[in-house]
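Data first, discussion second: the structure below is written as structure tokens.
Residue numbers (the working numbering): 781 to 1039.
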């Protein structure tokens, strides 16, 4: 019987976080089998680790599709492997460090950022009028929407069908500069994840936007998942075209698999 380890990534203290399936027994698994396992587990992502070389290869699947890059799976992979090293995913090699409490990965920012009109986005997605909105290619397309106030983020009821049709990974956020805190929610129904408790790749897209608008270095804490009952916390710092994405990780147990 094959099993998957289950970990929570980007926990807030001992609670919350984003569940991740981790499979490192790849014997007899092809791409379709990996996709079936990811759908069976039902987490926002499941990873498959190949330890055949010094840089551990990571394949990342949502319940609906394979991803070239995602933040919480790579942080979870780093914590699972442990120590200091390099992971390899579809966008290249990702340096990491990990200890008993958590892990961090070092990833490049995107320069493919464009500001987009907020009013038509708000109307089409059923969200409040934003202060500003941007699209970022990383290589998936991210829509970063600044709603200005935390309560606007938490109270938003976006149109999931419209989000699915738009096919962006959509992050709604509000930033409190006094506390270096971002309150965020993230939606990716086109990838089989209506709402995600913690989205590291969207955090990287946000750092890319911050750099693009004239903040070449900085750091914030991103609190996400409260609207889902899964409080999560991402620590994000960026400078010189790269960012450090990290947080705490907790082991939750194992799941038996049918494949």
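The beta carbon of each residue, even a glycine, is placed where N, CA and C say it ideally should be.
Residue 1026 at chain D interface by Cβ criterion, 9 Å = No chain D appears in the structure shown, which is made up of a single protein chain.
Within 10 angstroms of its Cβ, does residue 792 collect 16 or more other Cβ (buried), or is it exposed?
-> The residue you call residue 792 lines up with position 12 of the chain shown. Flag for residue 792 reads buried.
According to the neighbour-count rule (16 or more other Cβ atoms, all chains shown, within 10 Å of its Cβ), is residue 822 buried or exposed?
-> Mapped onto the chain shown, residue 822 falls at position 42. Per the 10 Å Cβ criterion, exposed.
Find out if the Cβ-Cβ distance for the pair residue 886, residue 865 is shorter than 9 Å.
-> Taking the chain shown and counting its residues from 1, one reaches residue 886 at position 106. Taking the chain shown and counting its residues from 1, one reaches residue 865 at position 85. At a Cβ-Cβ threshold of 9 Å, residue 886 and residue 865 do not count as neighbours.
What is the DSSP secondary structure of residue 940, counted as helix, strand or coil?
-> Counting from one through the chain shown, the residue named residue 940 turns up at place 160. Annotated three-state conformation of residue 940 is helix, per DSSP.
Cβ neighbour criterion (16 or more within 10 Å) applied to residue 956 | Locating residue 956 in the chain shown gives position 176, where the first residue counts as 1. Residue 956 is exposed by the Cβ-count criterion.
Counting Cβ pairs closer than 8 Å, one from the stretch 947 to 962 and one from the stretch 802 to 820, do we hit at least three?
-> No, they do not touch.
For residue 925 versus residue 962, is the C-beta spacing smaller than 9 Å?
-> In the chain shown, counting from the first residue as 1, residue 925 sits at position 145. In the chain shown, counting from the first residue as 1, residue 962 sits at position 182. Taking C-beta atoms as the reference points, residue 925 and residue 962 fail to come closer than 9 Å.
Residue interval of the beta strand (DSSP E) (run including residue 801) | As a working note, residue 801 is residue 21 in the chain shown. Where residue 801 is concerned, the enclosing beta strand (DSSP E) starts and stops at 798 to 803.
Any idea if residue 852 is buried or exposed, counting beta-carbon neighbours within 10 angstroms, 16 or more meaning buried?
-> Position 72 of the chain shown holds residue 852. By the C-beta density criterion, residue 852 is buried, having at least 16 other C-beta atoms within 10 angstroms.
Close beta carbons around residue 805, own chain, < 7 Å, minus the five adjacent residues each side = Translated into the one-based positions of the chain shown, residue 805 becomes position 25. Result list for residue 805: 782, in chain order.
Consult DSSP for residue 904 and reduce its assignment to one of helix, strand or coil.
-> The count along the chain shown starts at 1 and reaches residue 904 at position 124. In the three-state reduction of the DSSP assignment, residue 904 falls in the helix class.
How would you write the range of the beta strand (DSSP E) that residue 923 sits in, first residue to last?
-> On the chain shown, residue 923 is found 143 positions in, with the first residue counted as 1. That run of the beta strand (DSSP E) goes 921 to 926.
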